[in-house]
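These notes concern the structure reproduced below.
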Amino acid sequence: MVIGLFNVASATAGASTVEWLDFSGKLGKQFIWVGASLVLAFLLLVIEGEFFIRTSVIHYAVNVLLLLAVLAVGKRIGGAKSWFSFGGIGIQPSEFAKTGTSLMLAWMLSRNQDRFNQWGSLIKALAIVSLPAALVLLQPDAGTVLVFTGLILVFYREGLSGNVLIAVLCALLVTIATILSGASTLHYPGAGEATGAWILWGILLSIGGFLWATVPQWTVPRRRKRNRRAVLFSFAAALVLSVGLQFGLEEVLRPHQKDRIHVLFGIDVGNPDADYNIRHAKAAISSGGLTGKGYLKGPMTAYGFVPEQETDFIFCTIGEEWGLMGTSATLLLFTLLLLRTLALAERQRSDFTRIYAYAVASILFMHFAINVGMVLGLAPVIGIPLPFISAGGSSLVGFTLLVFILLRLDAERFTVLR
Amino acid sequence: MKLRERQWIIGGIFLLISVIYLGRLVQMQVFAYEWKAYASRLTEETETLEPARGLIRDRHGEIVVNNKAGYDIWFTPRKCSAAGGLDTLVLAELIEMTPDGLARAFRRAENYATYRPSRIQKQLTAESYARISGEMWRFPGVEVRRRSLRTNPSGLASHLLGEFREVDQNDLAANQGYRLGDYKGKSGLELQWESTLRGRRGTRHHIVDIRNDFREPAQAGMLDTLPVPGDDIQLTLDLELQAYGEYIMANKRGAIVAIEPATGEVLAMVSAPSYGTDLLTGRDRGANYDSLINHPNKPLFNRTLRATYRPGSIFKMIQGLIAMDRGVLRPSNRIVCDRNVIGCHGPHRFDNLEEAIVHSCNPYFHEVMKRMIQDGSTGSIFSDAHQNLGKWSESVRTFGLGTDLGGHFPALRSGSVPDATDYDRIYGRKRWAYSTIYSISIGEGELLTTPMHMANLAAILANRGHYITPHAVRGSEGIERMESGIDDQHFDAVIRAMSTVVTANDGTGRRAATPGMEVCGKTGTVQNPNGNHSVFIAFAPAVNPRIALSVYVENAGAGGDWAAPIASLMIEKYLHQYVTQRAKEQRILEAKYPFPELPL
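What follows is the structure, encoded as structure tokens:
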């Protein structure tokens, strides 16, 4: 079934590139990449699964080296130094690093069965993820870094406390509140004009203070100390995060980056170009309506209104030309792919394969969630491809690698006992 | 919770995101109309196809106003910078701009939009275009667009035809479907007949790309329409007569209006000095307009319709006709030329009506009007005047004076024919009698008329009592026969007198005598502190008249000296197509203007 799904996804990739790229150069290249991916997929299915497990460390090392190399000799495209250029073909090592990191993570976690009970294994796992992530951040490519953070789901499945997930969620809420309140300028009586974030900070302080003071009322005495510490710690952390974020927004980020974040939250940034991409993307999707304008008949995508439409904004093309039917079908396929990968993970006897499968699911999920969310105006505009559909050789080959290694490992679930 | 069960939480997160996205998609694709509208605004562009404007022809079908191509230069900043810029010095010279002006235009274009073209130069001539068209490839981002302009190659009848030029703020505010950069008739016939001449625009709907280039027809061209060309209009003017009128009026101030009495068709409308229409269409309009508007002789002023003069002696014929119609005067009545009442001129003592018209006897018409106004019916000269003046003005108005003559010339001033309320306002109620206002009896005082009104009066006399509302365009709506209400027979004496004016050896209008035809005319000398205006109205031939006209020459002296010979030349030109009276023509052309020295 996964193969079936993948075929559909792959076919959509092929179709999408045929349909929507009328520049023969890009189209031709994409054909070559699709062909190469199919050959690669075949090769991967032939190679014995054990090979991937044993070469995990080498795979990872090679990827890290490539990431280092790209920083040194890479080609700068669109502000990020993330490409090797061989003749007319560009290679993006960060796309392959995801596979290497997943393999390495699986290898490491499957050998340490302590379920993160010891700090050592957590730190090791974090280090495995952080090293390539840090190198990618240096390029800089924030989108791919964000994908790496998705691996937290793997950590969670393998024993990381659920509180961490909740903490991440709370941090997200505090972040949103900070951005929203920080964008407004209020007049404080007696203190002059200042950012509205002060109000948020005041609220955080007073709730935290109130909870801290009232701890005796709602806990049994022996837990008092612990709960007080927890309240103190979490609210202090929230405050630090919020203040740090506000500082980062105002002092560290460049104005256009700040604008992009503000656009996402519907704040009027006063710069008509700031939300240009997302405005056009929304218009394109919206104009598709229920059934779309038909194959090759979407003027927004055919005539260059949607930026990066063959890569990061390819979902717009589906939206405009196939309408809600096309987009919901795509949505459904991705959801099924994700859930299927989870099911596949859970049927493994091998820890390595399960952990790897979770890593694959997390990475696909992050790509899907960020890419589609961005086009729908629900996530910040961060350039990452939609798996199997976006044009671009590296990402296609990268995802082929990622998924077909999993398929090969899955195929061996009965024969090899690990 | 067992770790294995955590798969449900992770799966739940996946599902949650998918469901949120699906909801968002439904909202955006099914309900968000504002985004759909935004998308069509971005991708659809309407191209306007300008219709050809209707031509203007004269009564014989000759073209008076034609269309000509003007070439505007447009510039798209992005196309230029993408292709590596251009040599602005060379371009500036080619498109007839200064380098500074071009730099300013470039900056304006840049500020307007980088992907959309802006106009940087207007209305290059076809010759200029021929010179630059071969060079355009050297200037990326610069393109030439053709636009239809008007041209009046003869330069005749400019006042009547009016201006055709770019719309201004007022036109845009009036919301009649004009858009910035459109051209329209701004005055004269171009304005009056705008809806006929304009035609209907066509539109073509395009799908455009991000650079605003047309890519394909929208909705397969189903919504497109073709432009409908404007209709031609035919003037009643005789272009040759008009040309001759403008030629003969060179170096003078004044006006000639000629009407075909049987139809009310205006044959010529000359307002001197004149100007070439094309002076006000080209790129130099601004400078030309300034010099015209500031010229001491006011060439832009349309004297045929806008200049009001007192009618002078010519008015005496109306006076006589009304009096006869009222039964207070018979042509044989003689009245003593009592120069104590009012001044007079010439050796006559006791004229009948015919002689009084020929001699332009002032006391005669003073008495004639007195019979109508101060008839003794109330026993008070104040009440008499108050009661009778209204009826008198009513009769005067039936000669077209003080009216809009049917309204075919929106610019026409109606002039003034005073009635009792006017004098009540000036002097107070019952504070005036005939003795207060008698100067109107000889066509002076508060009476005001235009050359058009006086030409129409000539037509009424030619028609013996009626006129057809004068008009300059064939097929105008509302052409009516207007009756003066004066009985046919009363015209005999007046017309005989008009004939005598021209034919008698000592007639004031003897210079209007024209070989080979009988001309009827009447001189007028309108008093003016800067030198009297020379006025003459006439029609010819006496039987079945084909032309009736009025001639005004400002500050030139007596009516017979200048206006009468000009009328004669015009009549001969129209009826015989050529002018035999070379000496007369020579004298008019060589006349140094102004005849008396004028304080200009």
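Heads up: the sequence lines are chains A and B, in that order. For the first sequence, the residue numbers in numbering that gives the first Met the number 0 are 0 to 417. For the second sequence, the residue numbers in numbering that gives the first Met the number 0 are 0 to 599. Here a beta-carbon is modelled for each residue, glycine too, at the ideal position from N, C-alpha and C. Source: prediction; values computed, not measured.
Between the C-alpha atoms of B:H158 and B:G53, what's the straight-line distance to the nearest angstrom? In the second sequence, counting from the first residue as 1, residue 158 of chain B sits at position 159. In the second sequence, counting from the first residue as 1, residue 53 of chain B sits at position 54. The alpha-carbon atoms of B:H158 and B:G53 are separated by roughly 19 Å.
Please state if the CB of B:N554 and the CB of B:G520 are separated by a distance shorter than 8 Å. Counting from 1 along the second sequence, the entry for residue 520 of chain B is found at position 521. Counting from 1 along the second sequence, the entry for residue 554 of chain B is found at position 555. Contact: no.
Using a Cβ-Cβ cutoff of less than 8 Å, which residues in the same chain neighbour A:F95 once the five nearest sequence positions on both sides are dropped? Taking the first residue of the first sequence as 1, we reach residue 95 of chain A at position 96. Result list for A:F95: N62, L65, S393, V396, G397, L400, in chain order.
First and last residue of the alpha helix (DSSP H) that includes B:F381? Working through the second sequence from its first residue, we reach residue 381 of chain B at position 382. Where B:F381 is concerned, the enclosing alpha helix (DSSP H) stretches over 380 to 396.
Give a yes or no on whether the C-beta atoms belonging to B:A503 and B:A566 are separated by under 8 Å. Counting from 1 along the second sequence, the entry for residue 503 of chain B is found at position 504. Counting from 1 along the second sequence, the entry for residue 566 of chain B is found at position 567. No, the Cβ-Cβ distance between B:A503 and B:A566 is not below 8 Å.
Suppose contacts are defined by Cβ-Cβ distances below 8 Å. Is B:A320 in contact with B:V493 by that definition? For the purposes of this step, residue 320 of chain B is taken as residue 321 along the second sequence, with counting starting at 1. For the purposes of this step, residue 493 of chain B is taken as residue 494 along the second sequence, with counting starting at 1. In the sequence as displayed, the identity of residue 320 of chain B is Leu instead of Ala. For B:L320 and B:V493, yes; Cβs fall inside 8 Å.
Within 8 Å, strictly: CB atoms of B:R333 and B:N351: On the second sequence, residue 333 of chain B is found 334 positions in, with the first residue counted as 1. On the second sequence, residue 351 of chain B is found 352 positions in, with the first residue counted as 1. A contact, by the Cβ cut-off of 8 Å.
I'd like the list of long-range same chain contacts for A:S285, defined as Cβ closer than 6 Å, with 5 residues on each side in sequence excluded. As a working mapping, residue 285 of chain A is identified with position 286 in the first sequence. Answer for A:S285: no residue qualifies.
Thinking B:Q580 and B:E571 are a contact (beta carbons under 8 Å), I'd like their distance in whole angstroms, please. Residue 580 of chain B sits at position 581 when you count from the first residue of the second sequence. Residue 571 of chain B sits at position 572 when you count from the first residue of the second sequence. Between B:Q580 and B:E571 a beta carbon distance of about 7 Å is seen, short of the 8 Å cut, so the two are scored as contacting.
Compare the C-alpha of A:T100 against each of A:W82, A:I151, A:W118, A:K281 and name the closest. The residue given as residue 100 of chain A occupies position 101 in the first sequence. Of A:W82, A:I151, A:W118, A:K281, the residue nearest in Cα terms is A:I151.
Coarse secondary structure for B:P228, derived from DSSP in three states: Against the second sequence, residue 228 of chain B aligns to sequence position 229. Coil.
State the beta-bridge partners of B:V265 as determined by DSSP. As a first step, residue 265 of chain B must be located in the second sequence, where it is residue number 266. Paired residues: B:I258.
Euclidean distance between Cα positions of A:G201 and A:H255: The residue labelled residue 201 of chain A in the question sits at position 202 within the first sequence. The residue labelled residue 255 of chain A in the question sits at position 256 within the first sequence. Rounded to the nearest angstrom, the two C-alpha atoms are 29 Å apart.
Starting from the C-beta of B:A384, find all residues in its chain whose C-beta is less than 6 Å away, skip the five residues before and the five after it, and write them out in chain order. Position 385 of the second sequence holds residue 384 of chain B. So the qualifying residues of the chain are I372, A432, Y433.
I'd like the list of long-range same chain contacts for B:E482, defined as Cβ closer than 6 Å, with 5 residues on each side in sequence excluded. Residue 482 of chain B sits at position 483 when you count from the first residue of the second sequence. Only H465 meet the Cβ criterion.
Residues of the segment 362 to 392 of chain A with a CB closer than 9 Å to any CB of chain B: list them in chain order, please. Those would be F364, F367, A368, V371, G372, L375, G376, L377, in chain order.
Residues of its chain near A:G207, where Cβ-Cβ distance is below 6 Å and the 5 sequence neighbours each way are ignored: For this step, residue 207 of chain A is matched to residue 208 along the first sequence. F234.
Step through the CB atoms of chain A and report whether any lies within less than 8 Å of the CB of B:M221. Position 222 of the second sequence, counted from the first residue, corresponds to residue 221 of chain B. Not one chain A Cβ lies under 8 Å of B:M221.
Quick one: which chain B residues come within Cβ less than 9 Å of A:S349? Here residue 349 of chain A refers to the residue found at position 350 of the first sequence. Result: empty, since nearest Cβ-Cβ is about 15 Å, beyond 9 Å.
Span of the alpha helix (DSSP H) around B:R302: Indexing the second sequence from 1 puts residue 302 of chain B at position 303. First-last of the alpha helix (DSSP H) with B:R302: 302 to 305.
Amino acids of chain B, ordered along the chain, whose beta-carbon sits closer than 8 Å to that of A:G158: Here residue 158 of chain A corresponds to residue number 159 of the first sequence, with the count starting at 1. Going along chain B in sequence order, the residues near A:G158 (Cβ under 8 Å) are L2.
With distances taken between CB atoms, is the gap from B:D230 to B:L196 smaller than 8 Å? Translated into the one-based positions of the second sequence, residue 230 of chain B becomes position 231. Translated into the one-based positions of the second sequence, residue 196 of chain B becomes position 197. At a Cβ-Cβ threshold of 8 Å, B:D230 and B:L196 count as neighbours.
Does DSSP put B:A582 in a helix, a strand or coil? Here residue 582 of chain B corresponds to residue number 583 of the second sequence, with the count starting at 1. Helix at B:A582.
For the alpha helix (DSSP H) that B:A557 lies in, which residues bound it at each end? Reading the second sequence from its first residue, position 558 is the one you call residue 557 of chain B. No alpha helix (DSSP H) holds B:A557; DSSP gives it neither H nor E.
Would the segment 442 to 451 of chain B and the segment 411 to 418 of chain B be scored as touching if the rule is three or more Cβ pairs under 8 Å? Put simply, the segment 442 to 451 of chain B touches the segment 411 to 418 of chain B. At least three CB pairs are less than 8 Å apart.
Proximity below 8 Å, CB of A:A237 to CB of A:L203: Locating residue 237 of chain A in the first sequence gives position 238, counting from the first residue. Locating residue 203 of chain A in the first sequence gives position 204, counting from the first residue. In this structure, A:L203 lies closer than 8 Å to A:A237 by Cβ.
How do the segment 137 to 151 of chain B and the segment 58 to 75 of chain B stand: do at least 3 beta-carbon pairs fall below 8 Å, yes or no? Contact between the segment 137 to 151 of chain B and the segment 58 to 75 of chain B is established, with three or more Cβ pairs separated by less than 8 Å.
Start and end of the beta strand (DSSP E) containing A:S349? Numbered from 1 along the first sequence, position 350 holds the residue referred to as residue 349 of chain A. Taken as a continuous stretch (DSSP letters only), A:S349 belongs to no beta strand (DSSP E), as it is neither H nor E.
Any contact between the segment 4 to 14 of chain B and the segment 153 to 164 of chain A? By contact I mean 3 or more CB pairs, one from each, below 8 Å. The segment 4 to 14 of chain B is in contact with the segment 153 to 164 of chain A.
A:A358 beta carbon less than 8 Å from that of A:A105: By one-based count along the first sequence, residue 105 of chain A stands at place 106. By one-based count along the first sequence, residue 358 of chain A stands at place 359. Yes.
Do A:A328 and the ligand NAP come close, with the Cβ less than 7 Å from some heavy atom? Questions concerning the ligand NAP fall outside what the structure shown contains, since it holds no ligand whatsoever.
Beta-carbon proximity list for A:L67, same chain, < 8 Å, skipping 5 on both sides: The residue you call residue 67 of chain A lines up with position 68 of the first sequence. Here the set comprises L134.
Assuming A:V371 and A:F314 are in contact, meaning their beta carbons sit under 8 Å apart, how far apart are those beta carbons, in whole angstroms? Within the first sequence, the letter at position 372 stands for residue 371 of chain A. Within the first sequence, the letter at position 315 stands for residue 314 of chain A. Rounded, the Cβ-Cβ distance is 6 Å, consistent with contact.
Length of the line joining the Cα atoms of B:E126 and B:G285: Reading the second sequence from its first residue, position 127 is the one you call residue 126 of chain B. Reading the second sequence from its first residue, position 286 is the one you call residue 285 of chain B. About 21 Å.
Which residue's Cα is closest to the Cα of A:T340: A:A356, A:F351, A:K97? Indexing the first sequence from 1 puts residue 340 of chain A at position 341. The shortest CA-to-CA distance from A:T340 to any of A:A356, A:F351, A:K97 is the one to A:A356.
Check each residue of the segment 325 to 347 of chain A: if its Cβ is closer than 9 Å to any Cβ of chain B, include it; give the result in chain order. The residues in question are T326, S327, L330, L331, F333, T334, L337, L338, L341, A342, A344, E345.
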